[in-house]
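Worksheet: the structure to be examined is printed underneath.
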Amino acid sequence: MSPPNEDPTEHLRRRVAETLADQLNHASFDWSALARLDRPVLRIEACLEEGSHAARESTPKSAVITQLIDLSDVTSTCSSPRKATAELTDTPHKAIPSGDTARVPISAPAAGHISSLAPRKELKPKGNVTAEPSEPSPDENSDDSDLDSPTEDRRKELGGLRPARQDSTTLETADSQRQIHSGDKFPKRRKLKPVGHFLQPSTLDKLIGGIWEQIHGSLSLDPQSLLGQSQLRSLGAEDGAVNAIAAPMALARTGAKDPNGRTPQSDEAFSRSNVFCRQVTQASRACRSLEVIVQARWVEYFDSYVDSWANANPLVPRSRYNKAALMGACADFGWTEKELRNKMYVWRGYKEIKDAGGWASLVFAGMGIYRFCKYRIGFDKESMQRLRNLQPAIEVAADTLHPQWRQLLTVIGEPSQRAFDGHAHDWVVFLDGSDPIPLRNTYLQWDADFTYRQLDECVVDERVWGCDDPRWQPPTDEIVRATAMPLCETCGKEQSDDPKVNNCYCFPTIFGGGKLSSSPVLVFRTADGKNNGLLALCAFERGAPIGEFVGVITKGLQNVDVMESSTASTNYQIWQGRQGNFTRFVNHSCNANAQYQRFTWLNTQRIVLVSKGIDAGTEITVDYSDKYWKGLDKKCLCGETCCRYKRDETNTDS
């Protein structure tokens, strides 16, 4: 209801403005279709008619208002042409992906503080490229008057290089196009149904997948766990040992009874039973690993024993010494010849896996190794060669993620010294089985002082932001702000780093799941000139998170690859030049199998690398988008049939 003294025209104007604003908030615009139009306009018509349905059909309709609103400024703001960028100076194989988060360049005034971000060397951009905010044209007022005219003939023609309006909201632009983007659309989790027939994973694929899952899981192969469990049996009398083992489990059943006669369990007792069960489980798993390596080594001793007698007496058939050794072993084991032969058949499979994949492949193999060695499905030369090529990568992951695992080998006389130390992603592996090389060595041809520090979380550049994190954004809803826990913008559930109270499971392997295991990926050397890439060791289902984009949170950088993103209050950049994680090594593909996704956790914006459906043993790629490649004198090396950025050798401007 309008105020008593309000002018009817003013009241109508206010009602129409409120109605249009409300409808535009709920309207679904196809912005990609808008960008394809050369001269987009929005037509608004208003008719005055009877409100009742019966009289509406008999009343002639006549438009009292017909207005055309030109939308060229919207498309020019979203996709304005920019100048070409300089060549990559930091990551030669990289380009950068798609959405509303962008990798943009370092301006010359801001390039001075890069040295504080890099551990040792100051990174100097190629050329002195500065970015100035675009100033509006002095003729914009006249353009606006022409565009708002209801007659289409009175509007002047507009070119594609129309300057931005003063009232339009634009992000800071720069001359360089090295931009990475992240989407704001939550990935679909629906599993895609394959068309026609498709191959199931082979037995070898399952064996290799089990090895990677064990290495990157919560498995503990510390021999101290075996000693800890053995102490339970040395506490005194036989009944005392039984009581010592049963005590932690019995404590969970104690407690004061409530009026209804039920026995509530205390949190401390329940936690102690959990720890005890975990220790026994880990000890059992360590014993299983110890069992298979001892059995594989015994087969080697058996063959060596037979060979020594056969070489000493070449006139006697080797089968005779083999039979004699077998019968002697049966007497020591207390088994029949048939039992020992059946077990030796499986144990010899353990030895062959060790010969191809090394001791690590045997120690970290899952429970499927027994079936694989018993039935030997796919147990051929090609399978063993595949394991042989994976041996260096398996040892890199095992040595860096489980530093104590080689101590199990001291039981069979093998050295316990690690072959690889440091972080798992400080090494670059080769798919042909060549020896891994340090990550630093792959960048020395571009930067002699290159170093890279592995981060678990983003680091805020205090010279730029002080003690504030620009990714933090307060809740806009008063009701949400008053709650004790932040709510997820995607699922609407409570978020917390405490797994006991967290209810948001959008990305449980990264956020809200307690102690997190490492992502099953490795940095590998590509064979197509892209330098390094990221290899998926296990399969990632569609919508599954691979990892968070981690680096130094700063702003104002140009001429280096950065991810630029923004909140409602400010813009910021994430730089991975000298500090970050494995997401730095994700290459571009025009047919990408992953994407960068914005996600808010505890009111702080994060960038997550999300799978679109990735098979084990394939390279993880993202689409760097047109904003990276536009004007960039660089050739796309993705090799896809749908490649959008192929450039002829004679034409580098395409």
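First residue of the sequence shown: 1, per UniProt numbering; consecutive thereafter.
We put the CB at the ideal spot given by N, CA and C, even for glycine.
Cutoff 7 Å; reference residue i; Cβ partners in own chain excluding five residues on either side
i    : result
S289 : L221, V363 and L408
L340 : L326, A329, C330 and F333
G209 : C538 and A616
R644 : C590
Beta-bridge partners of residue i, as assigned by DSSP
i    : result
P438 : W427
T66  : E45
P545 : V610
W472 : T604
L444 : DSSP output for L444 lists no bridge partner at all.
L12  : L12 pairs with nothing; no bridge assigned.
R341 : DSSP, once it has assigned bridges, lists no residue as partnering R341.
V459 : V552
I215 : Paired residue(s): none; I215 is not in a bridge.
R453 : Q579
N180 : Contrary to the premise, residue 180 reads as Ile rather than Asn in this sequence. Bridge partners of I180: M563.
Close beta carbons around residue i, own chain, < 6 Å, minus the five adjacent residues each side
i    : result
V586 : L534, I620 and V622
V292 : Y350 and L362
V552 : L117, V459, D461, W575 and Q579
D303 : none
K493 : N503 and C504
Contacts around residue i, its chain only, beta-carbon distance under 8 Å, and the 5 residues preceding and following it disregarded
i    : result
R388 : A356, G357 and G433
T9   : none
T604 : D469, R471, W472 and Q473
G547 : I510, S519, V521, N581, F582, T583, V608 and L609
D354 : The residue asked about is misnamed: residue 354 is Lys in this sequence, not Asp. Contacts found: I293, A296, S361 and L362.
Proximity test, residue i beta-carbon vs the ligand PLP heavy atom, cut-off 8 Å
i    : result
D380 : The model on display carries no ligand, and the ligand PLP is accordingly not part of it.
Cα-Cα separation between residue i and residue j, rounded to whole angstroms
i           : j    : result
V521        : A536 : 5 Å
S202        : S361 : 17 Å
F549        : W629 : 21 Å
K555        : T570 : 10 Å
E489        : E382 : 49 Å
Q67         : E45  : 6 Å
C277        : S284 : 10 Å
E541        : S611 : 7 Å
D399        : L455 : 19 Å
Q495        : I510 : 13 Å
N591        : C642 : 7 Å
N441        : D426 : 10 Å
F372        : D205 : 11 Å
L24         : V464 : 37 Å
R297        : I412 : 7 Å
residue 657 : V560 : Look at the range of the chain in this structure, 1 to 654, and you will see that residue 657 is not part of it.
Q404        : D498 : 29 Å
L20         : I69  : 13 Å
T567        : P438 : 37 Å
Q595        : F507 : 14 Å
I614        : P545 : 11 Å
P217        : S319 : Checking the sequence shown, residue 217 turns out to be Gly, not Pro. Cα to Cα, the separation comes out at about 44 Å.
Q385        : K635 : 34 Å
D449        : Y443 : 9 Å
N651        : G529 : Any reading at N651 needs caution, since the residue's pLDDT is 40, under 50, leaving its predicted position unreliable; the model's value is listed next. One C-alpha to the other measures close to 20 Å.
Burial state of residue i, where buried means 16 or more other Cβ atoms lie within 10 Å
i           : result
W472        : exposed
C491        : exposed
W347        : buried
D307        : exposed
M367        : exposed
T526        : buried
residue 672 : The first residue shown for the chain is 1 and the last is 654, placing residue 672 beyond what the model contains.
W446        : exposed
I65         : exposed
V429        : buried
F270        : exposed
E49         : exposed
H402        : buried
C47         : exposed
R406        : buried
P317        : exposed
R598        : buried
T618        : exposed
Contiguous alpha helix (DSSP H) assignments of at least 4 residues, all confined to the segment 476-517: Considered as a whole, the segment 476-517 harbours 478-482 as its complete alpha helix (DSSP H) runs of no fewer than 4 residues, in chain order.
Sequence ranges, beta strand (DSSP E) only - wholly within the UniProt domain "SET" (519-625), length at least 3: 521-525, 532-536, 545-548, 552-554, 562-566, 571-575, 594-601 and 604-611
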